[in-house]
Structures are given as structure tokens and as C-alpha cells.
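First comes the structure, then the notes that go with it.
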Amino acid sequence: HRDLHSFPTRRSSDLQPDFFRDKIVIIGVSAVGGQDLKNTPVAPSMPGPMIHANLISDILQENHVTVEPRWISWLVLALVSLISAGVMLTRLSASRRILVQAGVLLLYLALALLAFRLANYLAPLLVVTVAGFTASALGWGYTSITEGAERRKYSRILGNMVDPGIVREALNDLDALKRGGEKQITAFFSDVASFSTISEKLSSTDLAGLLNEYLSEMTIILKRHGGTLDKYIGDAVVGIFGAPVPLAESELAAVRASVEMSARLDKMRQDWTTRNAWCPEAQSMHFRIGLNSGLAKVGFMGTDTLASYTMMGDTVNLAARLEAAGKDYGVEILVSESIEARVRGEFALRKLDLVRVKGKQQPVTLFEVLGKAGTLDAGILEAAALYEQAFSRYLERDFSAALQILGFAEKARGFRDASVDLLAARCILFSETPPAADWDGVFTRTHK
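The opening position of the sequence shown corresponds to residue 46 in this note's numbering, with each subsequent residue numbered one higher.
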């Protein structure tokens with residue numbers, strides 16, 4: 046190399062033939078002005094003679110680049126493509142599939158670079174990388190199409206048996222629903238009053254038609270207000286507000302749904318009467334609703350092979366007790382103080398009683414939901430106010446005054462009130478047989 050660069054400075058007379066013996070002479074220019082600069086993969090511009098010098102050096106040192114046989118290239122190409130497509134066809138989540146696929150391609154690139162550095166082994170990079178991405182895209186597309194069709198199929202099938210909200214959550218994260226947990230919910234229980242009498246009057250076909258019409262309308266309203274259908278128990282509807290999808294104002298949503306259900310049932314009764322549908326007992330059908338809010342355990346419960354999404358706990362039990370208690374008080378919508386505190390203002394309520402339900406020692410204050418505030422007759426509101434005055438006198442042991450006020454309350458209401466009758470009966474009983482000195486006004490229910 047030194048001799049090559051010193052060649053131009055020597056006179057031709059000074060050069061002897063032996064100077065070139067056993068040497069390779071490259072004649073060229075390296076100056077920019079010589080315009081013999083070439084672009085190479087490792088340098089933006091390199092003089093032409095230097096390229097030849099490097100080639101000659103590699104030949105002399107036997108520093109050759111090894112190119113794999115074509116069959117090996119095809120084998121590597123097929124292997125990377127199969128792995129890439131296989132990764133996308135697994136049941137892993139989308140993010141994990143992408144990470145695994147990226148890891149496979151990066152591993153191949155790292156191995157190819159290492160082989161070149163250590164053994165001058167030239168592996169195909171661009172073709173394999175493009176093939177890997179192409180196989181991944183095809184696998185992803187196939188999975189998306191098939192999984193989408195599968196999800197839609199299961200959604201249609203399960204949607205007819207399970208609340209669609211639960212189906213969506215299950216398809217997104219089934220493990221979370223299986224684990225369950227404790228959530229703030231509002232439990233909803235409704236039941237048709239005297240349904241056994243109605244069922245005796247109808248054929249099995251008509252009974253199924255009536256139930257389907259009634260349950261369809263009630264369920265539509267339940268879901269419109271964000272409720273989740275837990276189950277049907279004959280004519281009874283069990284719903285959850287606040288799970289599996291959280292609901293900020295579950296109490297308000299549950300009461301709104303209940304009031305709308307009452308109004309809808311009233312229109313259905315009018316329609317049945319006009320069409321003379323079903324039977325007279327169905328045309329005067331009423332229901333009872335019990336609502337309670339609090340913490341409850343929710344999730345899929347059952348066996349490994351058969352489970353359903355449901356709710357459990359004291360909150361749920363109390364809601365069921367309230368629905369049953371509605372029969373004694375003759376009211377449609379009976380709620381606890383946990384509901385009353387959240388909905389008073391938008392809805393008018395009447396304080397009914399202070400009871401100790403079966404299975405609980407802590408007293409519960411019961412309220413009747415009269416309807417949406419500002420839409421009720423003056424007589425209904427006056428009767429409710431008088432009843433609450435009578436109940437206050439009842440708690441103060443002034444039973445005779447309570448009885449007198451109850452008479453005014455029923456007169457203001459304009460029709461017989463089972464709640465008035467129930468409280469009046471207690472006042473008469475305690476007037477004749479005064480309660481014990483430690484009586485706290487709480488009525489203990491001995492039945493569900």
C-alpha cells in the first residue's frame with residue numbers, strides 16, 4: 046500500500062522490474078476530482094481502487110461470504126412464515142400475539158447478524174422479514190374473521206339465554222367475571238300479584254303468551270335504564286343495577302325503571318281490556334317491586350360446567366324481602382332507606398314502617414315510591430303526608446291520635462289503603478294492650 050502511494054513520486058528510471066515481482070498493482074485515482082467515487086453498502090463514497098483492493102484482500106485471505114443453498118433459503122422462509130402465522134392463530138391476546146411475533150422476527154435478525162459477523166454467512170433478511178409480516182397479516186386477518194364470526198354466533202346464542210351485557214363482558218374478560226367480587230349494586234326483585242289465580246284461568250299456550258308479552262316489556266325497560274337481567278323465576282324478574290358494568294346512580298336508575306314499568310303495565314292492562322285479551326284477572330294484573338342498595342357479591346356462580354351470573358348477600362336478601370312485604374302494605378314499589386336517600390327529590394315517597402325483617406336484627410325503614418315528583422294528584426300527596434304524621438304519633442305511643450289521622454289519610458286518598466289498615470290494626474291492638482316499656486316501634490316480620 047505504501048509502495049502504491051509512493052509510485053507517482055518516483056521517476057520511471059528508478060523503477061526496476063523486481064519492484065513489481067509478486068505484487069498486485071492497482072492503478073487508479075482517489076481524488077474527488079477524479080470522479081471515481083463509488084457508493085457501497087458500508088460507505089457513502091469509496092474510491093474505485095479501494096474497492097478492488099478490498100476484493101483482492103478478501104480473495105488472498107480467503108475471507109469469503111458464504112451464501113446458503115437455495116433449498117435452505119426456502120426452508121427458512123417457510124419456517125418463519127409458519128411460525129408467524131401460527132402465532133396469530135393462537136388463543137393469546139392481541140397484544141401478546143404481536144409481542145411474540147416481533148420477538149420471532151427480531152430473534153431471526155439477531156441470529157442472521159451473528160452468523161455474518163462470526164462466519165461471513167449471508168442469510169436472507171429482506172425476503173424472510175417480508176414473508177414473516179405477510180404471514181402474520183394473513184393469520185391475523187383469518188383469526189379476526191373466524192373469531193368475529195364465532196363471537197357473533199356465541200353472542201346470538203347466549204343473548205337469547207343470558208343478558209347481552211353479561212355476554213359482552215364475558216367475551217371481553219371471562220376470567221374477571223368468574224372471579225367475581227363485591228360491588229355496590231341495587232338489587233331489583235319484581236313479582237306478579239296473585240299470578241297463580243291468573244294461571245288457573247288460562248291455557249298453557251295463553252299463559253305462555255301472556256308471560257312472554259309481560260316479561261318482554263319489563264325486560265326492555267330494565268335494560269333501557271342500565272339494568273342487567275339476572276334471571277326469570279316464573280313470572281318474577283330479578284335484576285342487577287351496577288354489575289357487571291358499574292352504574293354511578295344505580296338507585297336512581299332502578300327507581301326510574303320501576304316507575305316506568307308501573308306506567309307501562311297500566312297501559313298494557315288498558316290494551317288487554319280493550320281487546321278482551323287473556324282473562325279478567327290478567328286485565329287487572331298488578332306487580333310488586335322490592336329495591337335495596339348496598340354491597341353484594343356478584344359473578345358467575347355454580348359448577349365448572351354450569352354457572353350463571355348472579356348476586357348474593359344481605360343486600361340481595363333484603364330486596365327480596367321487600368318485594369314480598371309489598372303484599373302486606375298493598376304497594377307496588379317498596380324500597381329501603383338506602384334507596385330513599387338517593388332518589389328523594391326526583392320522586393315522591395311515603396315513609397311506611399320501621400321493621401325488622403326475617404334473618405336481620407338491624408331495623409329497616411320502609412318507603413313506598415309514589416311516583417315522579419310533580420306528576421301526582423294532590424290527594425295522593427296529602428294522604429301520604431297524613432300517613433307519615435300518623436306514623437310519627439304511632440312511634441310516640443299516641444295511638445288514639447294516630448288512628449284519627451289515619452282516618453283522614455284514607456279519606457284524602459279516596460280509596461282503601463292496605464298500609465293504613467295495617468297501621469290502624471296495630472294502633473287498636475296497642476291501645477287495648479300497651480306495648481312493653483322498652484318498645485322501640487320496630488315491627489318484627491316473622492315471615493319472608
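Idealized CB from N, CA, C, for every residue including glycine.
Computed from a predicted model, the values in this text were never measured in an experiment.
Per the Cβ contact rule, the region 259–271 is not in contact with the region 375–384 (fewer than 3 Cβ pairs under 8 Å).
The criterion of a C-beta distance shorter than 8 Å is satisfied by S303 and L336. Cβ-Cβ separation between V361 and A232: approximately 5 Å, consistent with a contact (criterion under 8 Å). Unbroken alpha helix (DSSP H) stretches of 4 residues or longer found wholly inside the region 366–435: 382–388, given in chain order. The residue from S445, A168, G424 with its alpha-carbon nearest to that of L156 is A168.
Straight-line measurement puts the Cα of F286 at about 7 Å from the Cα of L292. In this chain, the beta strand (DSSP E) harbouring D275 covers 272–278. Its Cα nearest to that of G339, the residue E296 stands out among K456, G416, R141, E296. Under the 8 Å Cβ criterion, the region 469–480 counts as touching the region 446–461, having at least three qualifying pairs. By the Cβ rule, the region 425–441 counts as touching the region 471–489, because three or more pairs are nearer than 8 Å. In this structure, the beta-carbon distance from R461 to A428 does not fall below 8 Å. Under the 8 Å Cβ criterion, the region 126–136 counts as touching the region 182–190, having at least three qualifying pairs.
In the structure shown, M91 adopts extended strand secondary structure according to DSSP, grouped into three states. In this chain, the beta strand (DSSP E) harbouring K83 covers 82–85. A454 and V300 have their C-alpha atoms spaced approximately 25 Å apart.
By the Cβ neighbour-count rule, G78 is exposed, with fewer than 16 other Cβ atoms within 10 Å of its own. In the DSSP annotation of this structure, the continuous segment of the alpha helix (DSSP H) that includes T264 starts and ends at 249–269.
A457: member of the alpha helix (DSSP H) spanning 444–458, first to last residue. For the pair A386 and G416, the CB atoms are not nearer than the 8 Å cut-off. Listed in chain order, the non-local C-beta contacts of I101 below 7 Å within the same chain comprise I69, local neighbours out to five positions each way being set aside. Looking at the DSSP output, K68 shares a beta bridge with no other residue. Close CB contacts of L247 within its chain, under the 8 Å cut and outside five residues either way in sequence, are with L255, W323, C324, A327 (chain order).
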